[in-house]
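Colleague:
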Amino acid sequence: MLACLLFAHNSMAARPSRCDSVVTRKEVRDLSSSEWKIVSDTIARMQELGWFTYFASLHEIYFPVVHGQSQFLPFHRRLIRHFEMVGQRINPEFALPYWNEFPDYRNPAKSKVLTDRLLGGNGQGGDKCVMDGVQANWTMHYPSDHCLRRDFDRGDAIQAWHSTEFIQSVIQRSDTMAVFRESIENSQHGMAHLGIRGDMVLRHSPNDFIFMLHHAFVDRIWAAWQDDGHESTFDGPGPNEPNMTKDSRILFFNESVESVLSLGRGLMCYEYEDPEEGSDLLAKRAGASSALAALPNDVLCRWYPQTCSEVAVAGDTSAVPRTETDGLVDPQSQLPMPAEISDDFARMHGFNVDEVRRMNAMAKQFVTEMNAAGYRPKH
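Following the numbering used here, the residues of the sequence shown are numbered contiguously, the last one being 1541.
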C-alpha cells in the first residue's frame, strides 16, 4: 500500500484540453434511487478492494503539507477526483455527489443527508459506531481495525455551521487565492470535520464517505469563486515555496496546479449541478444582489463589495423595497452564531492559530452586524 502512495503522475504545465465528456455531480438528495444505488454499490466495492484504506492513509501521510496553505484546494480537488475515477473503474456511471450544507447549517444533525436512507447519523454505543446509512456497520482498516465512528459535537446535535450569506461574503471579499483559501479552510471546511467528529476529525478522515461529499461541496465553493472572475487566480504560500503559481506541483500527484484549475478540462471531467431545493446563492450570484441590496449601505459595502457596487450603479440602496424575495422575512428568525474552529484543530492542521481566531471573530462580527441590520434569512 505505501509503495502505491509513492507513485507519482507526470503532467504538462500547459492548460489541458477540453474533456470529450463530463460527469455531473449532483446534490446527494437529488439523486434518484437508481443513481444512489450506483453510488452505494460502488463505494461498497471500493471498501472491499481496500480503497478506503488507501485514501485514508494517503490523506494522513500528506496531511501536514496540504493544509494551512495553498496546496489545500488543488490537492483536495485532485484527491476527490482520484476517488471518483477509481469508482468509475468499478462502474463507469459512478459520479461523486456533493452535500449542499447550506440548507442544514442551523442544525446539521437534522439533515436528511444524515439519515439511514443516505449517509447515516451519529455513532452509537460507547465506541460511537455508525449503525445506519450507506456505511452501516463498516469495519475500517486504517490506521487499525475499528468501526467507522461519528461523535457529534453537541451530543445528538451539531452546532451551527456557516450560512450561505457568510460564504457569499467570502467570495465577494476575496481577491487572492491566499485570502480565499484561508477564509474557506478556516470556516466551512473546518465546521463539518469538527461537528461530525469521530473519524472525520482525525487525519484519516477519508474513512468516512462524508469526507468526499463535504470536500466536493468545498470544491464547488471554489468553483463558484473561480466563476466570479478568478478562474486562473492562484497564489499564496506552499510548504516549500513562498508563493505558489499555476506551475507549482500538486503534492503526491506531481501534476501542475494548472491541470486542475478548469473544470471540464484534462482529468477534471466533471461539472456541478445546482441543487433542486434549498438556499444556494452560489448557483446564481445575481440572486444574492436582490436578496442583500436592502441592507444598510455601510453593512452592505463592508461584507458584499460587489453587490455594493452593483447597487451604487443602480441607485440609492434606500430605494430598494424590502420584500419577501429579499430575504427579509420572519422577524423571529436570525442568523445563528456559527461554531468556532478550535485551537487544537488549528494546530493539528498546521494553521496559524492567530489567523483562525481572527476568522472566528470575523464570523461573529458578520452575524452580529447582519442581525442588527434587520436581515432575516429564508433558511
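Note that beta-carbon positions come from the ideal geometry of N, C-alpha and C, so glycine has one too.
Source: prediction; values computed, not measured.
1) Taking contact to mean 3 or more Cβ pairs, one atom from each stretch, closer than 8 Å, check whether the stretch 1357–1373 and the stretch 1314–1329 are in contact.
2) Assign G1426 to one of two classes, buried (16 or more other C-beta atoms within 10 Å of its C-beta) or exposed (fewer than that).
3) If contacts are defined as beta-carbon pairs under 8 Å, then V1296 and F1371 qualify, I think. What distance do you get, rounded to the angstrom?
4) For the pair the stretch 1219–1235 and the stretch 1398–1414, tell me if three or more CB-CB distances fall below 8 Å.
5) DSSP three-state label for A1319, please.
6) Excluding the 5 residues flanking G1512 on each side, which residues of the same chain have their C-beta closer than 7 Å to its C-beta?
7) Express the C-alpha separation of S1418 and L1164 in angstroms, rounding to a whole number.
8) For D1390 and S1219, I'd like the C-alpha separation in whole angstroms.
9) Evaluate P1437 with the Cβ neighbour count: other Cβ atoms within 10 Å of its Cβ, from every protein chain shown; 16 or more gives buried, anything less gives exposed.
10) If you follow the alpha helix (DSSP H) that R1382 is part of, which residue opens it and which one closes it?
11) When the Cβ atoms of the stretch 1179–1197 are set against those of the stretch 1274–1293, are three or more pairs found closer than 8 Å?
12) With respect to the beta strand (DSSP E) encompassing V1185, which residues constitute its N-terminal and C-terminal limits?
13) How about V1292 and R1279: do their beta carbons lie closer than 8 Å?
14) Compare the Cα-Cα distances from M1302 to each of M1430, F1214, A1525 and report the closest residue.
15) Count the other C-beta atoms from every protein chain shown that fall within 10 angstroms of the C-beta of L1413, then say buried if there are 16 or more, exposed otherwise.
16) If we ignore side chains and look at the alpha-carbon of each, how far apart do L1457 and A1298 end up?
17) C1309 bridges to which residues according to DSSP?
18) So, for M1208: in the same chain, excluding its five sequence neighbours on each side, which residues have a beta-carbon less than 7 Å away from its beta-carbon?
19) Compare the Cα-Cα distances from N1533 to each of Q1496, W1387, S1504 and report the closest residue.
20) Just list the residues that DSSP pairs S1418 with in beta bridges.
21) Quick check: E1263 and W1323, are their CB atoms within less than 8 Å of each other?
22) Where E1486 and D1337 are concerned, what is the direct C-alpha to C-alpha distance, given to the nearest angstrom?
23) So, under 8 Å CB-CB, Q1350 and I1320 are touching, yes? Tell me the CB distance rounded to an integer number of Å.
24) Tell me the start and end of each unbroken alpha helix (DSSP H) in the stretch 1237–1311 that is at least 4 residues and wholly inside, in chain order.
25) Hey, would you say Y1434 sits closer than 8 Å to Q1334, going by beta carbons?
26) What are the complete alpha helix (DSSP H) segments, minimum 4 residues, inside the stretch 1179–1215?
27) Spatial neighbours of E1222 within its chain, please: CB distance less than 7 Å, with the 5 preceding and 5 following residues excluded, ordered by chain position.
28) In this structure, what does DSSP give as the bridge partners for R1427?
29) Does the Cβ of G1352 have 16 or more other Cβ atoms within 10 Å, making it buried, or fewer, making it exposed?
30) Could you check the C-alpha separation between A1340 and T1186 for me, to the nearest Å?
Modeller: Taking the structure as given:
1) Touching, yes, given that three or more Cβ pairs across the two stretches are closer than 8 Å.
2) It is exposed - the Cβ of G1426 has fewer than 16 other Cβ atoms within 10 Å.
3) Contact annotation, V1296 with F1371: C-beta distance approximately 6 Å; criterion of less than 8 Å satisfied.
4) Cβ pair count under 8 Å is three or more, so yes.
5) Strand.
6) Answer for G1512: P1226, H1229, G1230, listed in chain order.
7) Here the model assigns L1164 a pLDDT of 39, short of 50, so the residue's position is not dependable, and the following value carries that caveat. A straight line joining the alpha-carbon of L1164 with that of S1418 spans about 23 Å.
8) If I take the Cα positions, the gap works out to 35 Å.
9) Counting Cβ neighbours within 10 Å, P1437 comes out buried, since at least 16 surround it.
10) Run containing R1382: 1372–1387, per the alpha helix (DSSP H) assignment.
11) Yes, they touch.
12) Unbroken beta strand (DSSP E) run through V1185: 1185–1187.
13) In terms of Cβ geometry, V1292 and R1279 do not form a close pair [threshold 8 Å].
14) Looking at the Cα atoms, F1214 is the closest of the given residues.
15) The residue is buried, with at least 16 neighbouring Cβ atoms inside 10 Å.
16) Going by the C-alpha atoms only, they are around 46 Å apart.
17) Under DSSP, C1309 shares a beta bridge with T1301.
18) For M1208, where only same-chain residues beyond five positions count, the Cβ hits under 7 Å are F1214, V1248, G1249, I1252.
19) Looking at the Cα atoms, Q1496 is the closest of the given residues.
20) In the DSSP assignment, S1418 is bridged to R1411.
21) A contact, by the Cβ cut-off of 8 Å.
22) Bear in mind that a pLDDT of 38 at E1486, under 50, signals an unreliable position, so the number given afterwards is only what the model happens to contain. Rounded to the nearest angstrom, the gap between the Cα atoms of E1486 and D1337 is 31 Å.
23) Wrong, their Cβ atoms sit about 13 Å apart, outside the cutoff.
24) Fully enclosed alpha helix (DSSP H) runs of 4 or longer: not present.
25) No, the Cβ-Cβ distance between Y1434 and Q1334 is not below 8 Å.
26) Given a length threshold of 4 residues, each whole run of the alpha helix (DSSP H) inside the stretch 1179–1215 is given here in chain order: 1195–1210.
27) So the qualifying residues of the chain are R1365, H1366.
28) Beta-bridge pairing links R1427 to R1180.
29) The residue in question, G1352, is buried, as its Cβ has 16 or more Cβ neighbours within 10 Å.
30) Straight-line Cα distance between these residues: approximately 28 Å.
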